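Add 16 to the 1-based position in the sequence shown for the numbering used here, that's all there is to it. Down below is the structure, laid out as structure tokens.
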Amino acid sequence: MKNLSVGIDVGGTFTKIGLVDPKGEVLRSEQIPTEPSKGPAHFIRRAAAIVKAWNFGSVGLGLAGGVDAKTGTLLFVPNLKGWTGFSFKKAFSKSLGVPVTVDNDANAAVWGGYVVALKRKPRTVVGVTLGTGVGGGLVIDGRLHRGATGSAGEIGHLTLELDGPLCHCGRRGCLEAYAGTYAIQRLAKELMRRPPSPLTPKAVADAARDGDRGARKVWDTVGTRLGQGLAGVILVLNPDAVLLLGGVARAGKLVLDPVRRVFAAQPFREPFENLDLSAPVARDWGVVGAALLSRERRG
Ligand SMILES: [Zn+2]
17 MKNLSVGIDV GGTFTKIGLV DPKGEVLRSE QIPTEPSKGP AHFIRRAAAI VKAWNFGSVG
77 LGLAGGVDAK TGTLLFVPNL KGWTGFSFKK AFSKSLGVPV TVDNDANAAV WGGYVVALKR
137 KPRTVVGVTL GTGVGGGLVI DGRLHRGATG SAGEIGHLTL ELDGPLCHCG RRGCLEAYAG
197 TYAIQRLAKE LMRRPPSPLT PKAVADAARD GDRGARKVWD TVGTRLGQGL AGVILVLNPD
257 AVLLLGGVAR AGKLVLDPVR RVFAAQPFRE PFENLDLSAP VARDWGVVGA ALLSRERRG
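Structural data, given as structure tokens:
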């Protein structure tokens, strides 16, 4: 069916591929190892082999890193070395014969949340993807805002403390260095008497729900830092809604409550008072959003 689209969320280790309907329901899904060292052409062949048997009218790719959405080329990427400069748009549309869009993975996820969870009702939305890294995306006046060079919305790298912990980007004190998976692991080792093994955000969330005080402190720290970072963005953009997406957002109230406390304590009250803050975690937003973006001519 030509009204279906394929969404491909390319991670550093695994890639998720889904067949998505216009409402954002995932009808089929597959996961393959990304195998970055074998190069982008090899990756395209394997992904194309999976979707060839499906019926669809467009393909959307979400890639972690800087993407030129016009040409569908990767500009820079931390965890897919050797893939920079490759035109995914050209290679994929040639092998599949359908229109292909390429965007940053956080932009794709936020677009998915905007269309499906918020039903495009608010006009201005700030979205954050919480995972190994902390990504962000902005919808301004109903459209994805990419900025002059495609890097708009890097909320994870707002500096909260000049001398704070080291971030994966090489700078210190970024929001991601307090809220990324690796930061949650570091905080759990510092604050919990017996950190869970394996040390995952889910295990730390389970421990907090079971009453572990150290684990509760971890989530208070993560949520407070996230709230502080978001507060700055909210003062700049005055959005209608804020979306928390990604695996770590499954902590739900544990992370939402401290964010709300930070918002409630803001001296400029108006931008925070009627703000719709939510963590819709029911879907794979990276896959859904990439597929839905491919349906929009210009996002
Ligand atoms: Zn950073």
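Built from N, CA and C at the ideal position, the CB exists for glycine as well. Bear in mind the structure is a predicted one, so any value in this text is a computation, not a measurement.
Residue of the options minimising C-alpha distance to residue i
i: residue 18; options: 24, 28, 37; result: 37
i: residue 28; options: 81, 40, 69, 60; result: 81
i: residue 52; options: 46, 45, 60; result: 60
i: residue 64; options: 144, 32, 170; result: 32
i: residue 196; options: 133, 228, 260; result: 260
i: residue 162; options: 122, 26, 265, 279; result: 122
i: residue 290; options: 138, 217, 268, 226; result: 138
i: residue 148; options: 187, 114, 201, 101; result: 201
i: residue 143; options: 266, 308, 262; result: 262
i: residue 86; options: 106, 145, 71; result: 106
i: residue 270; options: 257, 288, 239; result: 239
i: residue 286; options: 256, 101, 146, 128; result: 256
i: residue 40; options: 129, 243, 226, 113; result: 129
i: residue 100; options: 84, 111, 114; result: 84
Heavy atom of ligand 1 within 8 Å of residue i beta-carbon
i: residue 187; result: yes
i: residue 192; result: yes
i: residue 172; result: yes
i: residue 58; result: no
i: residue 161; result: no
Residues sharing a beta bridge with residue i, DSSP
i: residue 41; result: Answer is none; residue 41 lacks a bridge partner.
i: residue 47; result: 32
i: residue 154; result: 142
i: residue 109; result: DSSP output for residue 109 lists no bridge partner at all.
i: residue 160; result: 155
i: residue 24; result: 33, 77
i: residue 118; result: 77
i: residue 310; result: According to DSSP, which records beta bridges pairwise, residue 310 is partnered with nothing at all.
i: residue 257; result: 141, 292
i: residue 183; result: Note: residue 183 sits in no beta bridge, so no partner.
Cutoff 9 Å: residue i Cβ touching any chain D Cβ
i: residue 179; result: Given the protein chain composition of this structure (a single chain), no chain D is represented.
Cβ-Cβ distance between residue i and residue j below 9 Å
i: residue 88; j: residue 77; result: yes
i: residue 140; j: residue 157; result: yes
i: residue 26; j: residue 91; result: no
i: residue 305; j: residue 126; result: yes
i: residue 43; j: residue 67; result: no
i: residue 294; j: residue 75; result: no
i: residue 73; j: residue 21; result: yes
i: residue 131; j: residue 308; result: yes
i: residue 264; j: residue 134; result: no
i: residue 303; j: residue 24; result: yes
Quiz item: Taking three-plus beta-carbon pairs below 8 Å as touching, is the stretch 205-218 in contact with the stretch 187-195?
Solution: no
Self-check item: At least 3 beta-carbon pairs within less than 8 Å: the stretch 173-186 vs the stretch 228-236
Solution: no
Quiz prompt | Sufficient close CB pairs (3 or more, under 8 Å) joining the stretch 234-247 to the stretch 269-286 | solution = Cβ pair count under 8 Å is three or more, so yes.
Quiz item: Can we say the stretch 242-256 touches the stretch 282-293, given the rule of at least three CB pairs closer than 8 Å?
Solution: yes
Quiz item: Looking at C-beta atoms only, is the number of pairs between the stretch 141-152 and the stretch 166-175 that lie closer than 8 Å three or more?
Solution: yes
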